[in-house]
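Written out below as structure tokens is the structure these notes cover.
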Amino acid sequence: MSTDVSDVSDDSDYDYEVELEVRLRDIDFMGHVNNATYATYLEQAREAFFRDALGVSLVDTGTVLVNLEIDYVRPIAADSDVTVAVDVPELGDSSLPLEYEIRADGRRAATASTVQVVRDPDTGDSVPLPDEWRSRIETHWE
1 MSTDVSDVSD
11 DSDYDYEVEL
21 EVRLRDIDFM
31 GHVNNATYAT
41 YLEQAREAFF
51 RDALGVSLVD
61 TGTVLVNLEI
71 DYVRPIAADS
81 DVTVAVDVPE
91 LGDSSLPLEY
101 EIRADGRRAA
111 TASTVQVVRD
121 PDTGDSVPLP
131 DEWRSRIETH
141 WE
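Position 44, counted from 1, in the sequence shown is what UniProt numbering calls 44; the numbers after and before it change by one each time, with no gaps.
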């Protein structure tokens with residue numbers, strides 16, 4: 001993933017956004033959001049994306065996370081308004097890659113990418129993305 005580390009957000013690159021609340025337990029001893037919490041924010045955004053864009057709960061999808069990359073740009077303060085933007089760059093046969101931008105008060109705090117793979121619950125083998133997901137994504141994002 002090529003990452004621009006400037007803190008200026010470009011809202012036009014992302015078609016889906018979710019606002020998240022910074023919780024007390026998210027804050028580390030330095031007074032800002034702990035780096036590990038960024039992955040939790042991505043998970044929350046992914047769940048919202050699956051629910052809103054694909055019409056399914058992430059827990060009911062049979063997907064597994066096979067890749068996670070985060071590039072940290074700036075700390076997130078405890079009193080920040082946090083938004084996570086999500087985009088679908090290109091679908092694979094059985095994989096759903098997502099790109100993210102975590103924003104604090106409108107400024108880029110991190111960029112990230114994940115890859116989810118759909119798998120057969122009995123064999124554990126990867127299986128093609130459901131046609132309905134592909135249709136919803138291709139209609140909205142391409």
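Just so you know, even glycine gets a beta-carbon here, dropped at the ideal spot from N, CA and C. Keep in mind the model is a prediction, meaning the values are calculated, not measured.
Pairwise C-beta distances place the segment 49–67 out of contact with the segment 25–41, as fewer than three of them are shorter than 8 Å. Relative to Tyr100, the option among Ile27, Ala48, Arg23 whose CA is nearest is Ala48. With respect to Val82, Leu20 sits close: the two C-beta atoms are nearer than 8 Å. A Cβ-Cβ distance of about 6 Å is found for the pair Val18 and Val84, placing them in contact under the 8 Å criterion.
Linking Val117 to Ala109 through their CA atoms gives a straight-line distance of about 27 Å. For Tyr72, the enclosing beta strand (DSSP E) covers residues 63–72.
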